[in-house]
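So the structure is just underneath, and the comments pick up after that.
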Amino acid sequence: MTLWIEYGVIFIVFTAAVIYAVKPLLLPPSLDSRKSVDVKSDLKRRKQLLYRQIKELEIEYSAGNLTVVDYESNRQEIKIEVSAVISDLIKLS
Amino acid sequence: MTPIVGNISLNLAFGFSVLSIIILSIFLRSGDYRLYLTGRRLSIGVSLLSIWATIVLGYQLIRSNFEVDYVAHYTSRETPLLYKISALWAGQAGSLLFWVFILSLFALTVIFQNKNTHKNLMPWVIIIITAVELFFLVLINFVTNPFLPVEADIIVANGLGLNPLLQNLTMAIHPPLLYLGYVGFTIPFAFGISALINKDTSSLWIQSVRRWSLMTWLFLSCGIILGGWWAYQELGWGGYWAWDPVENASLMPWLTATAFVHSIVIQEKKNMLRVWNMVLIILTFTLCIFGTFLTRSGIMSSVHSFATSSLGPLFLGFVFLILIFSISLLLFRLPIMKSEKKMESFSSRESGFLFNNVIFVVMCFAVFWGTIFPVLTEAVRGVKITVGAPFFNQINTPLGMVLLLLTGVGPLLAWRRTSRQSIIRNFALPASAGLLTAILLLLLNLAGYVVISFSLSVFVLIAMVSEFYRGIKARMSRFGENPITALITIISKNRSRYGGYIVHLGIVFMFVGFTGNAFNEEKEFGIKVGQEEHVGIYRIKLSGLSEAERPNHYAFIANLRITDSQGNFIVNLRPEKRIYNHRNPDPNRRQPHSELDIYSTMIKDIYSVFSGVDKENQTAFLKIMINPLVNWVWIGGYILIFGTMIALWPRKDEV
Chain A
157 MTLWIEYGVI FIVFTAAVIY AVKPLLLPPS LDSRKSVDVK SDLKRRKQLL
207 YRQIKELEIE YSAGNLTVVD YESNRQEIKI EVSAVISDLI KLS
Chain B
4 MTPIVGNISL NLAFGFSVLS IIILSIFLRS GDYRLYLTGR RLSIGVSLLS
54 IWATIVLGYQ LIRSNFEVDY VAHYTSRETP LLYKISALWA GQAGSLLFWV
104 FILSLFALTV IFQNKNTHKN LMPWVIIIIT AVELFFLVLI NFVTNPFLPV
154 EADIIVANGL GLNPLLQNLT MAIHPPLLYL GYVGFTIPFA FGISALINKD
204 TSSLWIQSVR RWSLMTWLFL SCGIILGGWW AYQELGWGGY WAWDPVENAS
254 LMPWLTATAF VHSIVIQEKK NMLRVWNMVL IILTFTLCIF GTFLTRSGIM
304 SSVHSFATSS LGPLFLGFVF LILIFSISLL LFRLPIMKSE KKMESFSSRE
354 SGFLFNNVIF VVMCFAVFWG TIFPVLTEAV RGVKITVGAP FFNQINTPLG
404 MVLLLLTGVG PLLAWRRTSR QSIIRNFALP ASAGLLTAIL LLLLNLAGYV
454 VISFSLSVFV LIAMVSEFYR GIKARMSRFG ENPITALITI ISKNRSRYGG
504 YIVHLGIVFM FVGFTGNAFN EEKEFGIKVG QEEHVGIYRI KLSGLSEAER
554 PNHYAFIANL RITDSQGNFI VNLRPEKRIY NHRNPDPNRR QPHSELDIYS
604 TMIKDIYSVF SGVDKENQTA FLKIMINPLV NWVWIGGYIL IFGTMIALWP
654 RKDEV
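Each protein sequence line maps, in turn, to chains A and B. Taking the working numbering, the leading residue of the first sequence gets 157, the next gets one more, and so forth. Taking the working numbering, the leading residue of the second sequence gets 4, the next gets one more, and so forth.
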């Protein structure tokens, strides 16, 4: 008897799982809205990372790990990269 | 909850995984979003059913249902509850189910975490994770099923019980941690391969898997350290690392994963090393499967291998399939994967990272070669030639020294380039301290790797401490903070950086501990009650022999009194010789086991092993070892865990 109850529970669980899985197929057709590569979020992320790099550079400089020359040249290079990323973002929007 | 429920859950999980992969593949061709949702839900079903099956097996183990062959093999009525639960991963079938259980938990986390993100990557991520689940479900359903009943005409009154070596708290925790490490790398691998298939050359996926990789690396590190701890406390040979094939199986993915968690920082910051990172994650994941193969196939004889089977060819086939698929895909995508940026300077943190990566991979190759050498020689020449610890030590010790050096050098270099003035300023103090240490040690008549290791440890220690000091000083002068506030602020504002430095400090502690091996002393002897024996500067007296009967074993206990050469009392040690299943009428079923007793300090450990007893002559056969600096390894491990947790803690803008 207990075994039959267990089989019953298994059957109910299985049926529920199948209904849960196939339910989206009963919805009206909708096409995939994915983009091949999410360029915009990548650029936004890059901008955020470059800002963080400037912050880290400042920490390193204030800690005395970098000379003025190193600090200035590295900061300038990151700034050029940030400008390029921002202009790409403007173009996209 | 009968075993049938577990069995049917596994059957259903297998069917769902096949369906999920097929439906998601059709979605990728047709673009009908409903199919994606269905495939995703089927994959969620696979995970839930696998988790359910694991719970059912756990329940059978706890209630000692000896009608299940697995339960009868790995537990008995006397087995304590904790070890009944840990029996889940003691045998082959259970451990493979446990693999799927962990992967299912990870899969559910990834699927729900990325419900609305990485829409281009997720279908392939789900397919890859489900395919890995499918492989293990095939094994569990058709090759080694944990729910198989015992033979129909046999009634098992009591099970065989768990191997005594596994009846240890550490051993109850170590395998799950190692498995969390092995299984966890499926996620970054799935994202990496999905990015390759989608021609996604951005660093976005890296950002998503960075924390996963670090967390998984932490689990693997904890698993390895705990494994060493268990070996030290249980196996009775006095060491924690023997270059055993199963130990190597966990070290290899750890080495490539360590390289990976360093080099993804460069891809995240500079979008460089894209191909290299793909190679590393493919290697790491493949080595995780290879590690499971080495542990579970029984192809290698190992003190850590508690199961043998015919699973070898299947695992090997899966390893080759992963390698062929991943490498072909990478080669196919090579033209778009190459970075536009180049290393700007040799004296930059990027090149430091790259150099450490090369060393890690070379070490991994050396360990791999030494591990599979016996199998290769047997296949080619028909004779198994084993390379022992000297081979591994000879190659890995100098490489380890270079890595230790880089642990200190890397953080002192700036990103992009470091000028000569900065190098001189940053290296002056640590290098001088390292040199001074070397001179002092040479004057103390020490030589070789001992001098190099201790000097480099001092170099790295000073380098790391001075990094903290500079950061604190800068905040104190800029914001007028007190040293404690400044320390907390620099760590909380730059967790990955300072967390990494703390990990490096942990590595220094561990190297100090490893170097202590050079001063080990050992003596084996038989001793009568009342007699004394000298080991190093210590006197060991057998003050008595006693016996005790406990629920699952019988113990002979040697009462040892340890004094120093002047007769000052140090400690009493009570190593035991145990007989498990002592009530079993069949003597072959009784399992002898030596339970050690260790007196542990920061300077040295006194390690006692009760190897045998002659009751008639009141004689105990003992092995005593004096192992210097072993505690530094475990403390280094704690520091490493603490540092990684700081690095893992999310920034405010990431929460």
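Every residue gets a Cβ at the ideal spot worked out from N, C-alpha and C, and that includes glycine.
query = Whose Cβ in chain B lies nearer than 9 Å to the Cβ of residue 226 of chain A?
reply = 417, 419, 420, 421, 422, 424, 425
query = When DSSP builds the beta bridges, which residues end up paired with residue 548 of chain B?
reply = B/561
Residue interval of the beta strand (DSSP E) (run including residue 622 of chain B) = 622-631
task = State buried or exposed for residue 116 of chain B, treating a residue as buried only when at least 16 other CB atoms are found within 10 Å of its CB.
result = exposed
query = Counting only runs that start and end within the stretch 363-436 of chain B, where is the alpha helix (DSSP H) found for 4 or more residues in a row?
reply = 392-415
message = Using only the alpha-carbon positions, how far apart do residue 160 of chain B and residue 69 of chain B sit?
response = 7 Å
request  = Give me the Cβ distance between residue 295 of chain B and residue 164 of chain B, rounded to the nearest whole Å; I'm assuming they're in contact under 8 Å.
outcome  = Rounded, the Cβ-Cβ distance is 25 Å, inconsistent with contact.
Backbone CA spacing between residue 322 of chain B and residue 315 of chain B [nearest angstrom] = 10 Å
key: Beta-carbon separation (whole angstroms), residue 627 of chain B vs residue 611 of chain B, contact threshold 8 Å   = 6 Å
Distance CB(residue 330 of chain B)-CB(residue 285 of chain B) smaller than 8 Å = yes
task = Measure from the alpha carbon of residue 367 of chain B to the alpha carbon of each residue in B/246, B/606, B/461, then state which is nearest.
result = B/246
message = Would you say residue 232 of chain A lies against chain B (beta-carbon separation less than 8 Å)?
response = no
message = For residue 595 of chain B, report the span of its beta strand (DSSP E) as first-last.
response = 594-598
query = Does the beta carbon of residue 205 of chain A sit closer than 8 Å to a beta carbon anywhere in chain B?
reply = yes
ask   = Taking contact to mean at least 3 C-beta pairs separated by less than 8 Å, is the stretch 390-408 of chain B in contact with the stretch 495-504 of chain B?
value = no
key: Residue range of the unbroken alpha helix (DSSP H) whose run includes residue 165 of chain A   = 158-178
key: From B/418, B/399, B/203, B/411, residue whose alpha carbon lies closest to that of residue 228 of chain A   = B/418
request  = Please look up how many angstroms separate the CB atoms of residue 576 of chain B and residue 560 of chain B, rounded, as I've assumed it's under 8 Å.
outcome  = Not quite, the Cβ-Cβ distance comes to about 10 Å (not below 8 Å), so this is no contact.
Contact set for residue 425 of chain B: own chain, Cβ-Cβ below 7 Å, skip 5 residues either direction = 417
request  = May I ask you to report which of helix, strand or coil DSSP gives residue 256 of chain B?
outcome  = helix
Backbone CA spacing between residue 386 of chain B and residue 250 of chain B [nearest angstrom] = 23 Å
request  = Measure the C-alpha to C-alpha separation of residue 448 of chain B and residue 434 of chain B and round it to an integer number of angstroms.
outcome  = 21 Å
task = Determine the DSSP secondary structure at residue 576 of chain B, reduced to helix, strand or coil.
result = strand
message = Taking 7 Å as the limit between beta carbons, can you name the residues of its chain near residue 94 of chain B, skipping five residues before and five after?
response = 73, 76, 77, 310
ask   = From the beta carbon of residue 220 of chain A, is the nearest beta carbon of chain B less than 8 Å away?
value = yes
request  = Could you pull out every unbroken alpha helix (DSSP H) segment of at least 4 residues lying fully inside the stretch 483-560 of chain B, listed in chain order?
outcome  = 486-496, 498-518
key: 7 Å Cβ shell around residue 599 of chain B - same chain, five flanking residues per side excluded   = 236, 239, 578, 610, 611, 612
ask   = Closest by CA to residue 338 of chain B, which one among B/202, B/523, B/450?
value = B/202
task = Count the C-beta pairs between the stretch 165-173 of chain B and the stretch 85-103 of chain B that are closer than 8 Å, then say yes if the count reaches three, no if not.
result = yes
ask   = When you compare only the Cα positions, how much space is there between residue 6 of chain B and residue 12 of chain B?
value = 10 Å
ask   = Mind listing which residues of the stretch 159-177 of chain A have their C-beta closer than 9 Å to chain B's C-betas, in chain order?
value = 159, 162, 163, 165, 166, 169, 170, 173, 174, 176, 177
query = Among residues of its own chain, excluding the 5 on either side of residue 636 of chain B, which ones have a beta-carbon nearer than 6 Å to its beta-carbon?
reply = 513, 516
message = Would the stretch 251-258 of chain B count as touching the stretch 345-356 of chain B if we require 3 or more Cβ pairs under 8 Å?
response = no
query = Tell me the DSSP bridge mates of residue 611 of chain B?
reply = B/600, B/627
query = Is DSSP giving residue 83 of chain B helix, strand or coil here?
reply = coil
task = Compute the Euclidean distance between the alpha carbons of residue 98 of chain B and residue 620 of chain B, then round it to the nearest angstrom.
result = 45 Å
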